[in-house]
Structure formats: C-alpha cells, structure tokens
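Each protein sequence line maps, in turn, to chains A and D. Numbering of the first sequence is given in the working numbering, commencing with residue 1 and proceeding in unit increments. Numbering of the second sequence is given in the working numbering, commencing with residue 1001 and proceeding in unit increments. Note that beta-carbon positions come from the ideal geometry of N, C-alpha and C, so glycine has one too. Below is one structure; the comments refer to it alone.
There are 2 protein chains.
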Amino acid sequence: MSERLLTEEILEVLRKAPSVALFSHVSPDGDCLGSMLALGLALETMGKKVTFFNPDRVPMALAFLPGSDRIRQTLPDPRPQVLVFVDCTDLRRVSLTSDYFGDSIIINIDHHISNQKFGHYNWINDQASACAEICLTLLKQLGIALNREIATNLYTGIVTDSGCFQYSNTTAHTHRLTAELIETGLDLASIHYQLFDQKPLAQVKLLQAALNSLELYADGQLAVMTLTLENFRQSGADQELSEGLVNHARSIKGVEVAVLLKEVGAQEIKSGFRSNVWFDVNKAASQFGGGGHKRAAGCTFKVSLIEAKQQVISVIEEGLILGRHR
Amino acid sequence: MSERLLTEEILEVLRKAPSVALFSHVSPDGDCLGSMLALGLALETMGKKVTFFNPDRVPMALAFLPGSDRIRQTLPDPRPQVLVFVDCTDLRRVSLTSDYFGDSIIINIDHHISNQKFGHYNWINDQASACAEICLTLLKQLGIALNREIATNLYTGIVTDSGCFQYSNTTAHTHRLTAELIETGLDLASIHYQLFDQKPLAQVKLLQAALNSLELYADGQLAVMTLTLENFRQSGADQELSEGLVNHARSIKGVEVAVLLKEVGAQEIKSGFRSNVWFDVNKAASQFGGGGHKRAAGCTFKVSLIEAKQQVISVIEEGLILGRHR
C-alpha cells in the first residue's frame, strides 16, 4: 500500500471510530507517552472517547505531561473498536499478545525499523527522529488544531528521542516540526526543567562512583567504568539510573570505545559498550554472547566484576591496537 | 533607522566594499567564530578580499570550523575600508579602541542587549539565540547560496549559543533557520562529535573532584561544590575547564540554588551561583560585592575556601529558608 493510501485509510478509521484505546510500551519514555497522549488528546477534540494504557506507571520525570494522570495499567474494558499502538516494535513491548485484539482494528505507529508490523494498518517511518514526529504528521492530516497540551507532549517526544536534537536521527524536518510546536506557545523553560533538571540525587551519586572508577587503556582509546552492588546500595540508585552514564567516558578526547560494567547480582555483570568513530562494538559484544549496534551494544557476564573487566579490556584493547572490529 | 532601512544600507556597504576585515571577541566561542567565518566565506564568494581577526588563538575544539586556520592575531594592514564586528558587545571585547577605526566604515552585528552600538551601522537583535542567526539572515538577504562550509560555521554558532536548543533564547525561528542549514548536507554527527565528544580528560577529572565535594544544605535546596588548587593541579585542568560544572549540582531534583567555589589563588576564591526557579542569585552575589543575572551570578572572595564556603552557605541558606531574594 502506498504511504498516501495507508495514511488516508488510517485517517478514515480514526474519523469513524466512536472510541479509541491507545497503547505504549513498558519502561515508558518521553516519546511513547508523549506520542500516545498527544494523539489521544487530539482525538478527544474530535469528540471520541479515549483511554490510555501502559503496562507500567508513569515515571516521576514525565508526570508533568498533560493527560499523564489518565494513563491506566489495566486494559480498557470493554475493548474499543480501534486500538492504536505507538512506539511499540512488537506486542511484547506492551505486554500483550494478539489474543487480546478480538475483532478490533489495530493501528500500529512507530519509527523503529525493526517494527513487527502486527497491526492491520502499520505506519512505520524509520526516518522519523521520534514517534511523535509521525503523530504530528497524522494530527495535521486529521486537520486538528494544535494546542499547548498536545504540543507539550509531542515536543517532549521529539526532544527526548532526538537527544536534544543531537542524535543522528535529527533532520531538517525534525526542526521544522519543532518550530510548529513552539509556536503554540510552549513553555520550553518549564519542559526542559522538568525533563533535565530534576535528576535524583542518587543518579548524581552514581555518576560520582562511576567517575571514581574510570580507567583508560590502549593509549587512552578505551575508557572503562565499573559500578559495584555497593555503589548502587550506597547511592540509593536502581539500575535504571545508570542509563547514559557510559557517555561521560565516551566523550573524553581520544577515547574510541567506552565500557560501563555494572554488578547487578552475584556473578552477574551487565555491560554497555559505546564507540565513537570506527570500532564495531556489536562485534565485540557478540564475542561475549551479546549484541546491539555498531556504536552501541551490550552483553551480560556470569562471572565476577573483576573477571568481566579483565575479559572486556583484553578483547577490546586487542581490537583497538590491531585495528580490528571495523 | 528602521530595521529594513538599516539592513539595506548594510547590504549596500558590503556589496560595494572590495575588501572587508572581520573581528570577533576574546576567549572565542562557537558563535563568534562561526558567525565571523560564515560571513567572511560568504563575502569571498562575492569576490571580496577577506581577513579574519581574533585577539586569541582558536580553541582546539573549534579548529574544525572551515576557515578557522585563516584567523590571525595581528590586525589587518592595510586596514580595509569596511570592518565588521560580530558578537562583540563593546570594543574591549576585541581588545581595540576606536582609534584603530580611522576612516573605515564600522558594521556591528550582535545579539547582546547590552551592545554599546559602537559602529556606524549597528544590527543588534537580542531576540536571536546566536549572532549566527543574524548572520544567516544577512547572507540570505545578500542572495548568497549557502554551502556546507558556511552552514557548518553558522550551525556551530547556533547549537553552542542556544545550548543545543535548550536555552530560553531558542525560538521557532531558530529551529527553522537550523533546518535550512541542515539541508545544505551538514555532517551533524561529525560537528557534534567535534563540539561535544572531545572533552579533555582533565575536564572529566575536574567533574569527578567537584562531585566528590558535593554537599546539600537547606533541606536539599542548596547544593555546594568546591574545587581546590590541588584539584586543579591533580587533574591538570585550567580554570576554563570548570565552566558549566555547577550545572551538575543545579540539575539535582529539589535543588533551587547551586554554588561552585573555586580556589584560584591563596585567599582568592571565585564563585559561580545558579538558581532554577525563584531565587535571585544576583541579589545574593551582590552581598559579596559580585553580581550577574537572576539565575546566574558570581563573585570573588578574598578569604580561604573554607571561610568563603561558610559565608555563602550562611547567606543563601537563610535566603532559602526565609523565602528571601525572590
């Protein structure tokens, strides 16, 4: 089906539906919640009955999103005729199986190339920096006037999934859509404060512990940080708060590969690998039974932290020095 | 003079000039260098002879800017008929006095509200997120086709001065101009890597030391970090690299005021104050003979680090608890 035809059919289904349920993925982030809420609030302005579902609770940092207090962890009952999934590559991401669908019409909106196309209508655009970009395009085609509540949700989706417009998925189109959102009168200072300036103290303590463990190898091309169970306990941080810490090591001048090793249990070490320019960390991680992408990968070790660290250093240092894993 | 008339006169002066010298400010940043280089490279496509001046050397992190190798620390001789100053609030910012001007025509392009309007033509727009925004408008009006070299310089100006589109000076117009720049085929990944992922190890070590000193007061509303002379010595960092560190303290949930105290000499302490929502740090800093803005200010103490810290905590804690300094 051509994209235009697909879009028109989706618009038609949504226009006709008296009630719509929206679904977003586990461990919710700014893009899945922002996309879901924006779409739902917009459909309500068309007089639809709308319900919001997420398997997990809304994270504190995203509780400012307009409409977020209406997201439920129980499935809508009765099940509406139209179910819309946003930012979900597959049904496991939303803790469901297709048994739930019954005779409902499934619309699947996503920007992940790996999307499993589980819907009757699948609008997948992997060129979009965020699912919110696709949702904004959809709303414009539905002829819905943007308001601040809808725009706040969509902006949050874009700014979080594009890494403040820094990730490689950011395009000229991303910036133009953002301009339209800002023109609704967005309170950017407040959104940025909620998103980026409300870090739990535990997260900063975890960064402190990670930096205190920082070591360089391979003439400064490899940076390794470790977090022990004790570090998590002392900082009061859970695993989730270590997200992104590895970038502090990756961004050091001269570093090509950065590794964060986290002790998550006895003889259980989770690792995250990042590279900057040429080293394929997916290949390195696959040597330890893990994987991912060229510039971001990971694996789990069933050994001690010290042993995992030695293995990682040995493999990556050799790769860096011999110029392997390109 | 109306803005339109002013713009037209500036265009006319530039069109007629056979040679132009461009000037940018001391301690050069991405916006002043990017603006100057973009303007100069564009004028060259019109067949002008162009020279670039900055009192200081180009920082390593900005050496990737196209044309940056042509910036000189010596004044152009002979002095061209047209001199263009970018991003300079006054002539001290470029280590000059008006004695230098002779009978040259001075064009002054800036986005600082405090600009001293020292030129014959002063294009000051304090609504622009970066001087590069104004320069792009100028280039479009000159009818110059953007190329990647020009766009790389302008994008760098915008992305650095807008804090990756996070500062409050970012507008819908900023994003639309950015879209135009990206469409020239900018290598965003490479620009971001050069700007943000080439941190000196010394800077990361300084962050480590700052975090190790972090203390909270006033029920977590005040975060204080200190850097000793020994911290600077051990990390190998100079003062400049402590720029921005205070934001790690400011962004902690619950913190209203963050302070970084730096020992820069015996009995000489430089301090930076930041606030998030309501506390006027300008008022607090002025109690110590310093000043700045409501949300960012600073002062210098002629006492020991311990004493300066005690004074700061005492004044700010009281202000926070009594709700003063709004």
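The alpha helix (DSSP H) that contains residue i, what's its start and end?
i	result
K302/A	Segment: none, K302/A is in no alpha helix (DSSP H) and carries neither H nor E.
A151/A	148–161
Y1193/D	1188–1196
C1131/D	1131–1141
I182/A	172–182
Alpha carbon to alpha carbon, what distance is there between residue j and residue i?
i	j	result
G185/A	R72/A	29 Å
R295/A	Q311/A	20 Å
T1174/D	I269/A	44 Å
M46/A	I144/A	8 Å
E1009/D	K48/A	56 Å
S35/A	S1314/D	46 Å
G1319/D	R1057/D	42 Å
V1303/D	S1162/D	35 Å
V50/A	P80/A	9 Å
L211/A	T97/A	42 Å
R148/A	L260/A	39 Å
F64/A	F196/A	13 Å
T1300/D	F1288/D	8 Å
K140/A	E133/A	11 Å
V94/A	L83/A	12 Å
A1223/D	V20/A	46 Å
Q239/A	D29/A	16 Å
Q127/A	Q1267/D	56 Å
S68/A	L227/A	33 Å
L1138/D	A1042/D	10 Å
G254/A	R1092/D	36 Å
A1308/D	S27/A	44 Å
T171/A	S129/A	7 Å
I1109/D	S1213/D	42 Å
L1006/D	H1025/D	23 Å
E44/A	R15/A	11 Å
K1262/D	S1271/D	6 Å
L1146/D	L1136/D	9 Å
N231/A	N153/A	35 Å
L1188/D	R176/A	16 Å
S286/A	E1180/D	40 Å
So the beta strand (DSSP E) residue i belongs to, where does it begin and stop?
i	result
K49/A	49–53
What are the partner residues of residue i, as DSSP defines its beta bridges?
i	result
G1292/D	A1297/D
N1108/D	F1085/D, N1122/D
K199/A	I1252/D
R72/A	F53/A
Inset, instruction - Could you pull out every unbroken beta strand (DSSP E) segment of at least 3 residues lying fully inside the region 206–283 of chain A, listed in chain order? - result: 215–217, 222–227, 257–265, 268–275
Legend entry - Selection of the region 1156–1175 of chain D by Cβ proximity to chain A, strictly under 9 Å: V1159, G1163, C1164, F1165, Q1166, Y1167, S1168, T1170, T1171, A1172, H1173, T1174, H1175
Inset, instruction - Compile a chain-ordered list of the residues in the region 1274–1299 of chain D whose CB is closer than 9 Å to at least one CB of chain A. - result: N1276, V1277
Inset, instruction - Give, in chain order, every residue of the region 184–207 of chain A whose Cβ lies closer than 7 Å to some Cβ of chain D. - result: L188, A189, H192, Y193, F196, D197, Q198, K199, P200, L201, V204, L207
Legend entry - Unbroken stretches of the beta strand (DSSP E), 3 residues or longer, contained in the region 1004–1049 of chain D: 1019–1023
Inset, instruction - Anything in the region 239–253 of chain A with a Cβ closer than 7 Å to a Cβ of chain D? List those residues in chain order, please. - result: H248, R250, S251, I252, K253
Legend entry - the region 64–79 of chain A: positions lying closer than 8 Å to chain D by Cβ: none
Legend entry - Interface residues of the region 1207–1237 of chain D facing chain A [CB-CB below 8 Å]: L1207, Q1208, L1211, N1212, L1214, L1216, G1220
Legend entry - Near-chain D residues of the region 130–155 of chain A - C-beta to any C-beta below 8 Å: none
Legend entry - Against chain D: residues of the region 40–61 of chain A by CB proximity under 7 Å: none
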